[in-house]
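What follows is a short report on a single structure.
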Amino acid sequence: GYALGQAQRLVRAVNCAARRAAPDERLDTDLTRARLALLAPVWPPVWGDPDAFADAVLGISGAEPNPLALEQFDRVDSTC
Numbered sequence: 002g003y004a005l006g007q008a009q010r011l012v013r014a015v016n017c018a019a020r021r022a023a024p025d026e027r028l029d030t031d032l033t034r035a036r037l038a039l040l041a042p043v044w045p046p047v048w049g050d051p052d053a054f055a056d057a058v059l060g061i062s063g064a065e066p067n068p069l070a071l072e073q074f075d076r077v078d079s080t081c
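Each number in the numbering used here corresponds to the 1-based position in the sequence shown with 1 added.
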């Protein structure tokens, strides 16, 4: 829906800014948490468990993140 699309757009913007800034490890972790926070309220069930995904992308679980969610999570705006 609309809210998911808006969250995805903001995630792409964060990813673009991160690409340009070349963040250090701490800022990179903070940006990952920011992207998770943007997507959490609109997380679709097809992406799997959001907590498991968060643990995976933060390196807590060692598990592979859901590929459908990861595709959106790592996407960068085409104008970046």
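Each residue gets a CB set at the ideal place from its N, CA and C atoms; glycine is no exception.
Would you kindly check if the distance between the Cβ of residue j and the Cβ of residue i is under 7 Å?
i: leucine 37; j: leucine 11; result: no
i: alanine 8; j: valine 58; result: no
i: alanine 70; j: phenylalanine 54; result: yes
i: proline 51; j: alanine 64; result: no
Give me, in chain order, the residues of the same chain whose beta-carbon lies closer than 7 Å to that of residue i; leave out the 5 immediate sequence neighbours on both sides.
i: leucine 32; result: Val15, Ala19 and Pro24
i: aspartate 78; result: Arg13, Ala14 and Cys17
Which term fits residue i, buried or exposed, when burial requires 16 or more other beta carbons within 10 angstroms of its beta carbon?
i: valine 47; result: exposed
i: proline 68; result: exposed
Where does the unbroken alpha helix (DSSP H) through residue i begin, and where does it stop?
i: alanine 53; result: 51 to 58
i: glutamate 72; result: 68 to 75
* To do: Ignoring anything shorter than 4 residues or poking outside the region 13 to 45, list the alpha helix (DSSP H) runs there in chain order.
  => 26 to 40
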